[in-house]
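To keep things clear, I will list the structure first and then write my remarks on it.
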Amino acid sequence: MKKVALLILDGWGHGDKTKSNAIRNARTPFIDSLYKNYPNSELLTDGEHVGLPAGQMGNSEVGHLNIGAGRVVYQDLVKINNAIKNDTFKNNKELNKAFSYAKKNNKPVHLIGLLSDGGVHSHDSHLVHLCELADKAGVNNLYIHAFTDGRDCDPKSGIKFIKKLEKQTTKLSAELISVIGRYYAMDRDQRWERIKLAYDLLVHSKGEKIKI
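Residue 210 in this note's numbering is what sits at position 197 of the sequence shown, and the numbering runs on without skipping anything.
This is how it looks when you write it as structure tokens:
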């Protein structure tokens with residue numbers, strides 16, 4: 014039996030032959046020999062081809078999931094979008110349970126997560142919908158703790174999403190009370206010196222206080 018190895022080169026793909034295409038302009042004799050001597054084909058790695066919304070840019074995480082499964086794996090982004098579109102998201106039992114408890118006991122609800130439209134780990138439209146549901150449920154104290162994005166979006170796009178969120182939640186009970194970058198809040202390399210800053214902010218309210 015012949016053995017098969019699955020090797021993934023992140024960032025490698027087929028594109029136009031412009032000067033900005035590093036792969037096209039590089040000397041790649043080994044890869045060139047593979048194309049020349051062995052059967053090959055191309056995969057589409059964006060949008061509906063990998064379980065994302067049409068026009069949504071793919072990424073390594075989504076690509077790995079689809080290649081590993083050998084089929085289209087519908088991402089959480091699409092599932093949540095469809096639930097909102099079909100008006101079934103409001104029927105989520107755990108959300109309704111949390112909102113009901115908060116209203117009955119006059120408790121605050123904290124929404125913590127990535128604020129961007131990157132679509133990999135979150136989407137800002139989902140946050141706004143959550144705020145609307147909480148408001149309709151009668152939650153009086155709704156607090157947002159935003160992690161700004163600099164990986165799946167432009168590194169300087171944070172202020173744009175903050176302004177957008179504030180505009181969309183003006184008439185709701187939601188309030189943005191803390192902001193920190195994903196570099197600290199979503200570190201996955203076990204670097205406690207980063208995570209501690211996010212932990213202290215969320216748990217002990219330690220951070221630089223500003224007024225807008």
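No residue lacks a Cβ here, since even glycine has one placed at the ideal position from N, Cα and C.
Owing to the predicted nature of the structure, the values given are computational and were not obtained by experimental measurement.
Give every residue of the same chain whose Cβ lies closer than 7 Å to the Cβ of Cys144, excluding the five residues on either side of it in the sequence, and list them in chain order.
-> In the sequence shown, the residue the question calls residue 144 occupies position 131. Cβ contact annotation for Cys144 (same chain, cutoff 7 Å, sequence separation greater than five): Leu155, Thr182, Leu185, Ala187, in chain order.
Assign Arg84 to buried or exposed, taking buried as 16 or more other Cβ atoms, counted over all protein chains shown, within 10 Å of its Cβ.
-> Indexing the sequence shown from 1 puts residue 84 at position 71. With fewer than 16 other Cβ atoms within 10 Å, it is exposed.
Taking the CB atoms as reference points, tell me whether Ile208 and Tyr197 lie closer together than 8 Å.
-> In the sequence shown, residue 208 corresponds to position 195, counting from 1. In the sequence shown, residue 197 corresponds to position 184, counting from 1. Yes, Cβ-Cβ distance for Ile208 and Tyr197 is below 8 Å.
Locate the alpha helix (DSSP H) running through Tyr196, then write down its first and last residues.
-> Within the sequence shown, numbered from 1, the residue matching residue 196 stands at position 183. For Tyr196, the enclosing alpha helix (DSSP H) stretches over residues 195-198.
Are Asp130 and His123 touching if we call contact CB-CB under 8 Å?
-> Indexing the sequence shown from 1 puts residue 130 at position 117. Indexing the sequence shown from 1 puts residue 123 at position 110. Here Asp130 is not near His123, since their CB atoms are 8 Å or more apart.
When we look at the beta-carbon of Ile44 and count the other beta-carbons within 10 Å, is it buried (16 or more) or exposed?
-> Locating residue 44 in the sequence shown gives position 31, counting from the first residue. Taking every protein chain shown into account, the CB of Ile44 has fewer than 16 other CB atoms within 10 angstroms, so this residue is exposed.
Quick one: grab the DSSP three-state call for Ala67.
-> The count along the sequence shown starts at 1 and reaches residue 67 at position 54. In the three-state reduction of the DSSP assignment, Ala67 falls in the coil class.
Considering only C-alpha positions, which residue in the set Leu108, His158, Ile172 is nearest to Ala150?
-> The sequence position of residue 150 within the sequence shown is 137, counting from 1. Distances from the CA of Ala150 to each of Leu108, His158, Ile172 were compared; the closest alpha carbon is that of Leu108.
When DSSP labels each residue in this structure, what does Ser186 get in the three-state scheme?
-> Here residue 186 refers to the residue found at position 173 of the sequence shown. Coil.
Kindly say whether His139, judged by its beta-carbon, lies nearer than 8 Å to any beta-carbon of chain C.
-> Judged by its chain identifiers, the structure shown contains no chain C, having just a single protein chain.
Which of helix, strand or coil does DSSP assign to Leu51?
-> Residue mapping note: residue 51 aligns to position 38 of the sequence shown, counting from 1. Correcting the residue type first, residue 51 is Tyr in the shown sequence and not Leu. The three-state secondary structure of Tyr51, taken from DSSP, is coil.
Classification of Asp171 by the beta-carbon crowding that lies within 10 angstroms, buried from 16 upward = Along the sequence shown, one-based indexing puts residue 171 at 158. Note that residue 171 corresponds to Gly in the displayed sequence, not to Asp. Result: buried.
On a CA-only basis, which of Ala111, Arg195, Ala115 is nearest Asp167? Give me that one, please.
-> Sequence index remark: in the sequence shown, residue 167 carries index 154 (1-based). Residue Arg195 is the option with its Cα nearest to Asp167.
Any chance the CB of Gln88 is under 7 Å from a heavy atom of the ligand ATP?
-> This structure does not include the ligand ATP; it has no bound ligands of any sort.
Distance, Asn95 Cα to Gly64 Cα | Stepping through the sequence shown from its first residue, residue 64 is reached at position 51. Stepping through the sequence shown from its first residue, residue 95 is reached at position 82. Their Cα atoms are separated by approximately 12 Å.
Do you know offhand how far Ser54's Cα is from Asp202's?
-> One-based indexing of the sequence shown puts residue 54 at position 41. One-based indexing of the sequence shown puts residue 202 at position 189. Roughly 35 Å between the two C-alpha positions.
Considering Tyr156, what are the terminal residues of the alpha helix (DSSP H) in which it resides?
-> Indexing the sequence shown from 1 puts residue 156 at position 143. Per DSSP, Tyr156 is not a residue of any alpha helix (DSSP H); the beta strand (DSSP E) it occupies stretches across 155-161.
Pull up the DSSP beta-bridge partners for His123, would you.
-> Here residue 123 refers to the residue found at position 110 when the sequence shown is read from its first residue. Answer by DSSP bridge pairing, in chain order: Tyr156.
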